[in-house]
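Trainee: In the UniProt record's numbering, the protein residues as written are 1 to 629.
Backbone N, C-alpha and C define an ideal beta-carbon position, used for all residues, glycine too.
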Ligand code: COA
Ligand code: AMP
């Protein structure tokens with residue numbers, strides 16, 4: 001069947017489409033139907049089915065006789081380690097960890113925070129939670145203690161599983177002090193913490209609270225998989241929104257399984273047994289969907305890569321891993337390719353490796369610029385597929401479905417909507433716009449299985465953030481257009497979220513940190529275009545009257561403050577001091593206009609601007625730090 005036939009087939013009979021996709025999942029009790037719309041506009045899928053995620057990701061492959069197949073390849077150039085873990089070994093390890101968690105009182109529905117680097121134990125921790133029905137919330141290692149504390153208070157975990165350290169090129173990330181600091185700041189205290197001690201750093205355990213990863217599993221009975229309702233949460237993953245408080249995206253159990261399993265063949269074109277590699281981090285949604293759950297549920301071999309595209313040890317690392325482990329489909333962020341291209345523009349490293357195993361490359365997480373795609377196509381000689389999705393959806397909204405039909409690639413477009421997503425472009429009033437017109441990108445409700453049914457403990461915020469602006473539609477927060485052939489183009493965010501090196505960050509969160517500096521009266525953070533990272537944050541500070549200290553000192557302090565409060569991942573390195581900020585007459589800071597000035601783009605003078613002269617001052621300030629040319 002062609003893509004058009006599959007998509008039309010879904011449109012005509014969504015219920016039949018998803019019930020058929022659900023056949024590929026092993027249920028404890030099959031669902032009687034797919035969509036549950038009694039609480040519209042809140043929708044749920046497969047609610048009356050019963051299922052276990054870990055069983056589908058691990059046990060069923062062992063029971064089917066594939067226990068010897070490699071489930072995880074751990075490849076860590078930063079620690080010079082490689083390890084293969086078979087499905088049978090994974091089952092034993094996960095059942096043991098799950099049993100130990102249960103023995104310490106973790107039960108179905110309890111939350112468990114996982115704060116770990118890219119080691120197989122992180123993935124095992126996720127699966128162990130899934131096995132006993134605990135709801136995990138993985139926190140990215142690049143976040144600081146206070147960000148971890150916010151998540152602890154929001155999801156109130158019974159336990160936290162952490163590693164003693166992570167390894168960034170040139171430095172050890174001391175997880176344990178960050179964890180201890182976070183627990184101290186947080187109002188909620190977990191019952192216990194499980195610490196995975198790494199060779200590179202052995203952390204000091206807190207008496208009565210911390211247990212050692214190995215020791216606490218000693219002598220416990222392994223846990224079996226428990227049955228969960230289809231709409232029970234599989235996990236909560238926090239993502240950046242407009243304000244400083246992150247949004248806890250809820251992932252439902254059954255829809256997640258059905259959608260990810262469907263995507264592995266139809267989008268990523270892999271069959272069970274094939275090696276699939278997503279070079280991301282388990283702390284992001286890509287890591288959840290396409291390092292952990294998607295490949296394992298589908299019976300693939302997944303790669304856990306602890307390294308960077310460059311510098312670990314060189315710009316050939318990606319090609320080494322692909323060639324050595326026979327990767328068929330490879331997924332990364334455009335920024336990673338830009339980093340490789342910068343160091344090895346002519347692809348000298350590419351030539352050193354046999355990449356004949358590689359069939360397709362997938363890019364997501366940020367806009368894929370045509371130069372990067374062309375470079376990758378030229379070097380790798382395989383299709384390079386841009387696809388678009390979000391933490392909220394958990395799997396691609398738009399893609400080139402290589403397992404159904406390889407559609408012509410149009411540079412700058414993540415191709416076409418996937419079944420389940422009726423994507424439309426609307427104006428501010430919610431009216432549909434014609435092909436080629438720029439507007440807000442929305443998806444007609446219901447969203448498909450696997451997407452967020454709500455936010456953790458925040459249904460009203462869910463409605464306000466995603467459903468209220470355009471009744472009957474999900475607001476993606478992205479702006480763009482659809483061309484005559486139905487191809488989507490993602491142009492910009494409609495909110496104050498920026499994308500730095502494929503990482504989604506809230507300028508609002510950074511502004512909260514800057515505003516807390518005693519010398520700062522007012523501030524704004526914008527994302528400016530960056531050749532490597534796509535965007536970089538830049539802060540504008542208006543100082544409190546009477547402050548008369550060297551500006552360089554204040555700038556250095558706020559940079560340090562953001563690193564301490566949000567974390568190194570914010571990559572906040574630059575701020576400027578200005579007298580005033582440009583605002584509308586109602587007081588709204590004109591961040592988008594400031595960003596256009598920084599990038600040297602044309603902009604329309606906002607009709608409601610209070611004092612246009614301020615824009616010249618902003619331009620001068622930006623020129624002082626090398627922007628607005
Ligand atoms: N734990 C602790 N710190 C981390 C971290 C982690 N897991 N990940 C990143 N950091 C730190 C980095 O060490 C860096 O710290 P520094 O300021 O001391 O140098 C900071 O956070 C910013 O990191 P990053 O934005 O990633 O920049 P970088 O210069 O270290 O690396 C790239 C640049 C392009 C190589 C890197 O961003 C990259 O690999 N990007 C791909 C992103 C990706 O795959 N995203 C997944 C979304 S699909
Ligand atoms: P995250 O939730 O971290 O996955 O970030 C999702 C956001 O990243 C989207 O809403 C977009 O703004 C951006 N994004 C992701 N993929 C793409 C893409 N292929 N093209 C353009 N922007 C993208």
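(1) If distances are taken between C-alpha atoms only, which option among 598, 613, 46 comes closest to residue 629?
(2) CB of residue 687 to nearest heavy atom of ligand 2: below 7 Å?
(3) Tell me the start and end of each unbroken beta strand (DSSP E) in the stretch 500-537 that is at least 3 residues and wholly inside, in chain order.
(4) Which whole-angstrom value describes the C-beta separation of residue 483 and residue 436, a residue pair presumed to lie in contact below a C-beta threshold of 8 Å?
(5) Looking only at its chain, what residues have a beta carbon closer than 6 Å to the beta carbon of residue 417, apart from the 5 residues adjacent to it on each side?
(6) In three-state terms, what does DSSP make of residue 233?
(7) Taking only heavy atoms of ligand 1 into account, decide whether any of them is closer than 7 Å to the Cβ of residue 309.
(8) Would you call the CB atoms of residue 239 and residue 229 closer than 8 Å?
(9) By the DSSP assignment, the alpha helix (DSSP H) with residue 10 in it spans what residues?
(10) Using 10 angstroms around the beta-carbon of residue 95, count the other beta-carbons present and answer buried if the total reaches 16, otherwise exposed.
(11) For the stretch 252-264 against the stretch 142-160, are there 3 or more C-beta pairs whose distance is under 8 Å?
(12) Would you say the beta carbon of residue 364 comes nearer than 7 Å to a heavy atom of ligand 1?
(13) Buried or exposed for residue 489, going by 16 or more other Cβ atoms inside 10 Å?
(14) Could you tell me if residue 218 is buried or exposed, where buried requires 16 or more neighbouring beta carbons within 10 angstroms of its beta carbon?
(15) What residue range is occupied by the uninterrupted beta strand (DSSP E) comprising residue 478?
(16) Terminal residues of the continuous beta strand (DSSP E) containing residue 174?
(17) Would DSSP call residue 637 helix, strand or coil?
(18) So, helix, strand or coil for residue 562, using DSSP?
(19) Could you check where the beta strand (DSSP E) with residue 371 kicks off and where it finishes?
(20) Distance, Cα to Cα, residue 62 vs residue 86?
(21) Using only CA atoms, which one of 575, 478, 465 lies nearest to residue 511?
(22) Do residue 593 and residue 610 have their CB atoms nearer than 8 Å?
(23) Residue 292: beta carbon under 7 Å from a heavy atom of ligand 2?
(24) Residues in the same chain with beta-carbon distance under 7 Å from residue 88, minus the five sequence neighbours each way, listed in chain order, please.
(25) State buried or exposed for residue 210, treating a residue as buried only when at least 16 other CB atoms are found within 10 Å of its CB.
(26) Tell me the DSSP secondary structure of residue 291 in three-state form.
(27) Consider the C-beta atom of residue 181 and the heavy atoms of ligand 1; say whether any pair is separated by less than 7 Å.
(28) Under 7 Å: does the beta carbon of residue 532 sit that close to some heavy atom of ligand 1?
(29) When the distance is taken between beta carbons, is residue 332 closer than 8 Å to residue 269?
(30) Assuming residue 120 is part of the alpha helix (DSSP H), what are its boundary residues?
(31) What does the Cβ neighbour count give for residue 507, buried or exposed, with the cut at 16 atoms within 10 Å?
(32) So is residue 108 in contact with chain D if we call contact Cβ pairs under 8 Å?
(33) I'd like the span of the beta strand (DSSP E) that includes residue 136, first residue to last.
(34) Identify which residue in 203, 183, 243 has its Cα closest to the Cα of residue 174.
(35) Are there any heavy atoms of ligand 2 lying less than 7 Å away from the beta-carbon of residue 478, as far as the coordinates show?
(36) Is residue 404 near residue 425, with beta carbons less than 8 Å apart?
Mentor: The answer reads as follows:
(1) The residue given as residue 629 occupies position 629 in the chain shown. Looking at the Cα atoms, 598 is the closest of the given residues.
(2) Any property of residue 687 remains undetermined from this structure, which presents the chain solely from 1 to 629.
(3) If we require 3 residues or more, the beta strand (DSSP E) runs fully inside the stretch 500-537 come out as 503-506, 520-530.
(4) Here residue 483 refers to the residue found at position 483 when the chain shown is read from its first residue. Here residue 436 refers to the residue found at position 436 when the chain shown is read from its first residue. Rounded to whole angstroms, the Cβ separation of residue 483 and residue 436 is 6 Å, and the two are in contact under 8 Å.
(5) The sequence position of residue 417 within the chain shown is 417, counting from 1. The residues are 398, 423.
(6) Here the question's residue 233 lines up with position 233 in the chain shown. Looking at residue 233 - three-state DSSP - the assignment turns out to be strand.
(7) Within the chain shown, numbered from 1, the residue matching residue 309 stands at position 309. Indeed, a heavy atom of ligand 1 lies less than 7 Å from the Cβ.
(8) Translated into the one-based positions of the chain shown, residue 239 becomes position 239. Translated into the one-based positions of the chain shown, residue 229 becomes position 229. Not closer than 8 Å, so no.
(9) On the chain shown, position 10 is the one that residue 10 refers to. 3-12 is the span of the alpha helix (DSSP H), which, as asked, contains residue 10.
(10) Translated into positions along the chain shown, residue 95 becomes position 95. Burial is judged here by how many other beta carbons sit within 10 angstroms of a residue's own beta carbon; residue 95 has at least 16 and is buried.
(11) Cβ pair count under 8 Å is below three, so no.
(12) Within the chain shown, the letter at position 364 stands for residue 364. Yes, ligand 1 has a heavy atom inside 7 Å of this Cβ.
(13) As a position in the chain shown, residue 489 is number 489, starting the count at 1. With 16 or more other Cβ atoms within 10 Å, it is buried.
(14) Translated into the one-based positions of the chain shown, residue 218 becomes position 218. With a threshold of 16 other beta carbon atoms within 10 Å, residue 218 falls short and is exposed.
(15) For the purposes of this step, residue 478 is identified with residue 478 of the chain shown, where counting begins at 1. Note, residue 478: beta strand (DSSP E), 473-482.
(16) Residue mapping note: residue 174 aligns to position 174 of the chain shown, counting from 1. Run containing residue 174: 171-174, per the beta strand (DSSP E) assignment.
(17) The question about residue 637 has no answer here: the residues shown for the chain are numbered 1 through 629.
(18) Residue mapping note: residue 562 aligns to position 562 of the chain shown, counting from 1. The answer is helix: DSSP assigns residue 562 an H, G or I state.
(19) Counted from its first residue, the chain shown places residue 371 at position 371. Counting along the chain, no beta strand (DSSP E) covers residue 371; the unbroken alpha helix (DSSP H) around it starts and ends at 370-380.
(20) Working through the chain shown from its first residue, we reach residue 62 at position 62. Working through the chain shown from its first residue, we reach residue 86 at position 86. Their Cα atoms are separated by approximately 9 Å.
(21) Position 511 of the chain shown, counting from 1, holds the residue named residue 511. Nearest of 575, 478, 465 to residue 511, Cα basis: 575.
(22) Indexing the chain shown from 1 puts residue 593 at position 593. Indexing the chain shown from 1 puts residue 610 at position 610. No. Outside cutoff.
(23) In the chain shown, the residue the question calls residue 292 occupies position 292. Judged by the Cβ position, residue 292 fails to qualify as a neighbour of ligand 2 at the 7 Å threshold, every heavy atom of the ligand being at least this far.
(24) Translated into positions along the chain shown, residue 88 becomes position 88. Closer than 7 Å at Cβ, skipping near neighbours: 62, 67, 68.
(25) Counting from one through the chain shown, the residue named residue 210 turns up at place 210. Residue 210 should be labelled buried.
(26) Taking the chain shown and counting its residues from 1, one reaches residue 291 at position 291. In the structure shown, residue 291 falls within a helical segment according to DSSP collapsed to helix, strand and coil.
(27) Sequence index remark: in the chain shown, residue 181 carries index 181 (1-based). False, no ligand heavy atom lies under 7 Å from that Cβ.
(28) Walking along the chain shown from the start, residue 532 turns up at place 532. Residue 532: yes, Cβ under 7 Å from ligand 1.
(29) Stepping through the chain shown from its first residue, residue 269 is reached at position 269. Stepping through the chain shown from its first residue, residue 332 is reached at position 332. No. Outside cutoff.
(30) By one-based count along the chain shown, residue 120 stands at place 120. Looking at the DSSP string, the run of the alpha helix (DSSP H) that includes residue 120 is 120-132.
(31) As a position in the chain shown, residue 507 is number 507, starting the count at 1. A residue is called buried when at least 16 other Cβ atoms come within 10 angstroms of its Cβ; residue 507 meets this threshold and is buried.
(32) Of the protein chains in the structure, only one exists, and it is not chain D.
(33) As a first step, residue 136 must be located in the chain shown, where it is residue number 136. That run of the beta strand (DSSP E) goes 135-138.
(34) Here residue 174 is taken as the residue at index 174 of the chain shown, counted from 1. Measuring from the Cα of residue 174, the nearest candidate turns out to be 203.
(35) In the chain shown, counting from the first residue as 1, residue 478 sits at position 478. Result yes, Cβ under 7 Å from ligand 2.
(36) One-based indexing of the chain shown puts residue 404 at position 404. One-based indexing of the chain shown puts residue 425 at position 425. Against a cut-off of 8 Å, the Cβ pair of residue 425 and residue 404 comes out as no contact.
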